[in-house]
Amino acid sequence: MDSNHTHDLKRDAALQFSLAIEHPIPLFPNAKIRYVNLDSQIKNAGDDNVSLQDTDFILYYQILDNIVNLDLGIGATHLSGDVSRSDTDQINLDKTYPIIYLNTEAKLPFTGLTALAEVNYSHMNNAKIRDIRGEAKYELINNIIVDVGAKVGYRMLKIDLDDHQNNDLNFEFKGPYIGLEAHF
């Protein structure tokens, strides 16, 4: 299968689920798990499809936690799925890669507005993964029981896997998103 180019992917939407557990004990890291289904069809390529799931497992520490938040950590991203072509060629993928994690937020006092930037990065074992997102969030509800916010952002996920089953796989998933967030 000739996969030595970046595939131009056609997709309408993707659901992402994320769960973070944060606590006040400084010696133990916080934890986050995030899942996104990246099923897509390759534009102008007939029945060529990408069926890919991306799950991130992250352990991180909050270095700053006030108007400016800074989280640093390490983790793993697990990619599983397959790339299939109309001519019945198929490449299966089921690998886990180490990542470094950076998340920073800046709150605009007394407005409920927050700006966020997050990066997951891996470059080893013939794989380079860059997952970058930026977003703006508005806090709708803020009380003792729950905080609820609406967010809008842009995400870019680039995956370059060299010599995977004698193929080079290069994917780019990018686009705007909207979401809701609840913090208990």
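Under my numbering, think of the first position of the sequence shown as 111, with each following residue one higher. Glycine is no exception: its CB is placed at the ideal position from the N, C-alpha and C atoms.
Top-ranked residue by Cα proximity to residue i, from the options
i, options, result
"Y145", "L271, L129, F281, P139", "L129"
"N235", "E215, L218, K205, T224", "K205"
"T187", "S194, D199, N202, I210", "I210"
"N252", "I173, D158, G222", "G222"
"G244", "Q163, I288, Q172", "I288"
"K268", "I131, Q126, N179, H233", "H233"
"V262", "L226, L189, Y231, V193", "L226"
"A216", "L148, R240, Y248, G185", "Y248"
"H293", "N202, A260, F283", "A260"
"E282", "V256, V258, I255, R240", "R240"
"N213", "N179, D199, E132", "N179"
"E228", "Y264, Y207, I254, D199", "Y264"
"T224", "I242, I255, L250", "L250"
"D175", "I242, E132, M266, D164", "E132"
"Q126", "P208, P136, D164, I255", "D164"
"D158", "L137, P136, D199", "D199"
Under 8 angstroms between C-beta atoms of residue i and residue j
i, j, result
"P139", "G183", "yes"
"D181", "N230", "no"
"I168", "G185", "yes"
"Y170", "K142", "yes"
"I177", "P219", "yes"
Close beta carbons around residue i, own chain, < 6 angstroms, minus the five adjacent residues each side
i, result
"K238", "D270"
"G285", "none"
"I242", "V229, M266"
Residue(s) in a DSSP beta bridge with residue i
i, result
"V229", "L212, I242"
"D164", "V146, L189"
"D199", "Beta-bridge pairing links D199 to no other residue."
"D204", "S190"
"L267", "D241, F283"
Run of the beta strand (DSSP E) containing residue i, from where it starts to where it stops
i, result
"I131", "126-131"
"L279", "277-293"
Cβ-based neighbour list, residue i, same chain, cut-off 7 angstroms, excluding 5 preceding and 5 following
i, result
"A124", "V146, N147, L148"
"H115", "Caution applies to H115, whose pLDDT of 44 falls short of 50 and renders its modelled position unreliable; the model cannot decide the point."
Other residues of its chain near residue i: CB distance less than 8 angstroms, five sequence neighbours each side excluded
i, result
"L203", "L162, L189, S190, G191, D192, V193, L271, H274, L279"
"L290", "V258, G259, A260, K261"
"A246", "L223, T224, A225, L226, K261, V262, G263"
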